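Trainee:
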Amino acid sequence: MLDPKTERQTIQRARRGDREAIAELIRAYQRPLESFLFRLCGKSELAEDIAQEAFVRVIKSLDRFDERFRFSTWLFTIGKRLLVNYHQKMKPSADSEMVESRANDVRRPEHQLEQHERSEKMGHMIRVALDSLVSPQREIVLLFHQQGWPVDRIATELSMPEGTVKSHLFRARRRMLEAIELSGTPNPSEVFQ
Amino acid sequence: MSHSDDFDAGDRDGAERRGPNASVRAQRLLVRVLLALRGESRRTSGPARDARRAELLADRILADFPRRVLPIGLAAVAIVVFACSFPLVRDALPAAHLGAQSTPVATALESGLRTQGEAMSDGIEALRAIMTPFAGGASSAAAPGAETAIDESSEVSLEAATAPFRQS
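Read top to bottom, the protein sequences are chains A and B. If you count by my numbering, then the first sequence holds residues 302 to 494, one letter each, in order. If you count by my numbering, then the second sequence holds residues 254 to 421, one letter each, in order.
1. Just to confirm before moving on: does the CB-CB distance between A/I327 and B/A307 stay below 8 Å?
2. Quick one: what does DSSP say A/D319 is sitting in, helix, strand or coil?
3. Exposed or buried, what is B/A311 when buried is set at 16 or more other beta-carbons lying within 10 Å of its beta-carbon?
4. Closer than 8 Å, Cβ to any Cβ of chain A: which residues of the stretch 299 to 314 of chain B, in chain order?
5. Might you give, ordered along the chain, the residues of its own chain that have their beta carbon closer than 7 Å to the beta carbon of A/R314, omitting 5 neighbours on each side?
6. Is the separation between the beta-carbon of A/R316 and that of A/D364 shorter than 8 Å?
7. Determine the extent of the alpha helix (DSSP H) in which B/V286 is found, giving its start and end residues.
8. Could you tell me whether the Cβ of B/Q280 comes closer than 8 Å to any Cβ of chain A?
9. Quick check on DSSP: helix, strand or coil for A/V435?
10. List the residues of chain B that A/S336 touches, going by C-beta distances under 7 Å, in chain order.
11. Output the boundary residues of the alpha helix (DSSP H) element that contains A/K390.
12. Decide if the stretch 450 to 465 of chain A is in contact with the stretch 373 to 390 of chain A; the criterion is three or more beta carbon pairs, one per stretch, under 8 Å apart.
13. State the CB to CB distance for the pair A/V442 and A/L470, rounded to an integer number of angstroms; the pair is presumed to be in contact (CB under 8 Å).
14. Can you list the residues of chain E that B/L287 reaches, using a CB-CB cut of under 7 Å?
15. Run the CB neighbour count on A/H388, radius 10 Å, all protein chains shown included, and call it buried at 16 or more, exposed below.
16. Is B/L327 close to chain A? Criterion is C-beta to C-beta, closer than 8 Å.
17. Output, in sequence order along the chain, the residues in the stretch 346 to 362 of chain A whose CB is closer than 7 Å to any CB in chain B.
18. For A/G472, collect the residues of the same chain with a Cβ closer than 8 Å to its Cβ; drop the 5 residues on either side in sequence, then sort them by chain order.
19. Alpha carbon to alpha carbon, what distance is there between B/R367 and B/F335?
20. Taking only beta-carbon positions, decide if B/D317 is within less than 8 Å of chain A.
21. Hey, does A/R365 have any beta-carbon neighbour from chain B nearer than 8 Å?
22. Quick one: which residues of the stretch 467 to 484 of chain A get their C-beta closer than 8 Å to a C-beta of chain B? List them in chain order.
23. I need the DSSP call for B/G365, collapsed to helix, strand or coil.
24. Going along the chain, which residues of the stretch 423 to 435 of chain A sit with their C-beta nearer than 9 Å to a C-beta in chain B?
25. Would you identify the three-state DSSP class for A/R500, choosing helix, strand or coil?
26. Check whether chain B comes within 8 Å of A/R316, counting only Cβ atoms and requiring the distance to be less than that.
27. At a Cβ threshold of 8 Å, is A/A324 touching chain B?
28. Specify, as a first and last residue, the run of the alpha helix (DSSP H) that A/M477 falls within.
29. So, does the CB of A/Q313 fall closer than 8 Å to a CB anywhere in chain B?
30. Buried or exposed for B/T385, please, with buried defined as at least 16 other CB atoms from any protein chain shown within 10 angstroms of its CB.
31. Can you check whether the CB of A/I481 is closer than 8 Å to the CB of B/L283?
32. A/M461 to B/V333, Cα distance in whole Å?
33. If contacts are defined as beta-carbon pairs under 8 Å, then A/A348 and A/F339 qualify, I think. What distance do you get, rounded to the angstrom?
34. Please list the partners that A/G464 has in chain B, where partner means a Cβ-to-Cβ separation under 7 Å.
35. Is DSSP giving A/A448 helix, strand or coil here?
Structure below.
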């Protein structure tokens, strides 16, 4: 993540077509955007594609960017809209993520295998927790816990009062807790290092 | 992870007392899930791979830049050409096509020059009118004067003509 001052300077350079500035913006926000989209759609390849498309659209429209706002807010909004558009166009398909992870499960050394199993269990627990959430709650949880956005920024982004955001966060944590309990609650030390 | 094992052993009793819905273990798992979620936006699969992807995407975006800049450049050139040729086109149109209140720059300049030219020609005419009598009189009066002088000299007697010299 870039600090606001560096971000403004980088955006001004990118507006003039500075390749390094464009690459810098992409490097800074690529991973956060992809992880956010991945947790919204559950497919890593789709998340990567949509993140790329969001970058293309945002950087091409940098002239219209209002510098009073954060670049990441704009980028995440575009990314989310693209994902929504994709889901509206495409019918929901079978979750390929599990198939993908199974296909990648090739022979590894024992310590790597153990780490991989932990990682899979962790991924499973995150999925269980997030799958229990409905649309605005999932997004709020991701923006708050994954992206580290403050409540006021989430409230502005989602056009809702701060109290509503806090209430959604509280309910979302309770739902996730219930989902984890229902899933059998493995020993935390088995799941996380 | 002996600390977590001790905690888990203690939890088991606590969870039994509170019932399955208030499992401390589930709460700990939730905290770890949220922490793992936080780590997702920071962790990279490989910095070199991410950097390479960023560079490729930057190149792809930059490849589209000329297509975006070209229409703007063409529009700018068209505006300049129109702005430069507009006065010429306007003067080329017949006067009837122009509005009454619009005075073309070239027409105003031309009428100004014409007025100045007329004033100059008036001045020249005036000068000529003044000079003409002198020019004509000089040539025509010189001859009668000369004739008079000749006539007078012919009429003067030799004595009168030489009188002063004779006195001295």
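Glycine included, C-beta positions come from ideal geometry on N, C-alpha and C. From a predicted model like this one, the values you see are computed outputs, not experimental measurements.
Mentor: Let me spell this out:
1. As a first step, residue 327 of chain A must be located in the first sequence, where it is residue number 26. As a first step, residue 307 of chain B must be located in the second sequence, where it is residue number 54. Yes. Within cutoff.
2. Within the first sequence, the letter at position 18 stands for residue 319 of chain A. The answer is coil: DSSP assigns A/D319 none of H, G, I, E or B.
3. Within the second sequence, residue 311 of chain B is the residue found at index 58, counting from 1. Classification for B/A311: buried.
4. D303, A304, R306, A307, E308, L310, A311, D312, R313 and I314
5. For this step, residue 314 of chain A is matched to residue 13 along the first sequence. Only A322 meet the Cβ criterion.
6. On the first sequence, position 15 is the one that residue 316 of chain A refers to. On the first sequence, position 63 is the one that residue 364 of chain A refers to. Their beta carbons are under 8 Å apart, which means A/R316 touches A/D364 by this criterion.
7. Residue 286 of chain B sits at position 33 when you count from the first residue of the second sequence. Start and end: V277 to E293.
8. By one-based count along the second sequence, residue 280 of chain B stands at place 27. True, the Cβ-Cβ gap to chain A drops below 8 Å.
9. Within the first sequence, residue 435 of chain A is the residue found at index 134, counting from 1. It is coil, neither helix nor strand.
10. For the purposes of this step, residue 336 of chain A is taken as residue 35 along the first sequence, with counting starting at 1. Under the 7 Å cutoff, chain B gives E293 and S294.
11. For this step, residue 390 of chain A is matched to residue 89 along the first sequence. That run of the alpha helix (DSSP H) goes F372 to K390.
12. yes
13. Position 141 of the first sequence, counted from the first residue, corresponds to residue 442 of chain A. Position 169 of the first sequence, counted from the first residue, corresponds to residue 470 of chain A. About 7 Å separates the two Cβ atoms, so the contact holds.
14. In the structure shown, chain E does not exist; the protein chains are A and B.
15. Mapped onto the first sequence, residue 388 of chain A falls at position 87. Exposed.
16. Locating residue 327 of chain B in the second sequence gives position 74, counting from the first residue. For B/L327, the answer is no, since every Cβ of chain A falls outside 8 Å of its Cβ.
17. Q353, F356, V357, I360 and K361
18. Counted from its first residue, the first sequence places residue 472 of chain A at position 171. According to the sequence provided, residue 472 of chain A is Arg. The question's Gly does not apply to it. So the qualifying residues of the chain are Q438.
19. Taking the first residue of the second sequence as position 1, residue 335 of chain B is located at position 82. Taking the first residue of the second sequence as position 1, residue 367 of chain B is located at position 114. About 30 Å.
20. Counted from its first residue, the second sequence places residue 317 of chain B at position 64. Cβ-Cβ to chain A under 8 Å: yes for B/D317.
21. Start at 1 with the first residue of the first sequence, and residue 365 of chain A comes out as number 64. No, because no Cβ of chain B sits closer than 8 Å to the Cβ of A/R365.
22. R474, M477, L478, E479, I481 and E482
23. Numbered from its first residue, the second sequence carries residue 365 of chain B at position 112. Correct three-state label for B/G365: helix.
24. M423, G424, M426, I427, V429, A430 and L431
25. The structure shown does not extend to residue 500 of chain A, since chain A spans only 302 to 494, so no value can be given for it.
26. By one-based count along the first sequence, residue 316 of chain A stands at place 15. Closer than 8 Å: no.
27. Counted from its first residue, the first sequence places residue 324 of chain A at position 23. Yes, contact with chain B.
28. Reading the first sequence from its first residue, position 176 is the one you call residue 477 of chain A. Where A/M477 is concerned, the enclosing alpha helix (DSSP H) stretches over E463 to L483.
29. Residue numbering aside, residue 313 of chain A sits at position 12 when the first sequence is read from its first letter. By this cut-off, A/Q313 is not an interface position.
30. Position 132 of the second sequence, counting from 1, holds the residue named residue 385 of chain B. Exposed is the call here.
31. In the second sequence, the residue the question calls residue 283 of chain B occupies position 30. In the first sequence, the residue the question calls residue 481 of chain A occupies position 180. In contact: B/L283 and A/I481 (Cβ atoms closer than 8 Å).
32. In the first sequence, residue 461 of chain A corresponds to position 160, counting from 1. In the second sequence, residue 333 of chain B corresponds to position 80, counting from 1. Computed Cα separation, rounded: 49 Å.
33. As a working note, residue 348 of chain A is residue 47 in the first sequence. As a working note, residue 339 of chain A is residue 38 in the first sequence. Contact holds; Cβ gap of about 4 Å.
34. Numbered from 1 along the first sequence, position 163 holds the residue referred to as residue 464 of chain A. Near A/G464 there are no residues of chain B at all, since even the closest Cβ is about 21 Å away, more than 7 Å.
35. In the first sequence, counting from the first residue as 1, residue 448 of chain A sits at position 147. Note that residue 448 of chain A is Gln in the sequence shown here, rather than Ala. In this structure, A/Q448 counts as coil in the three-state DSSP scheme.
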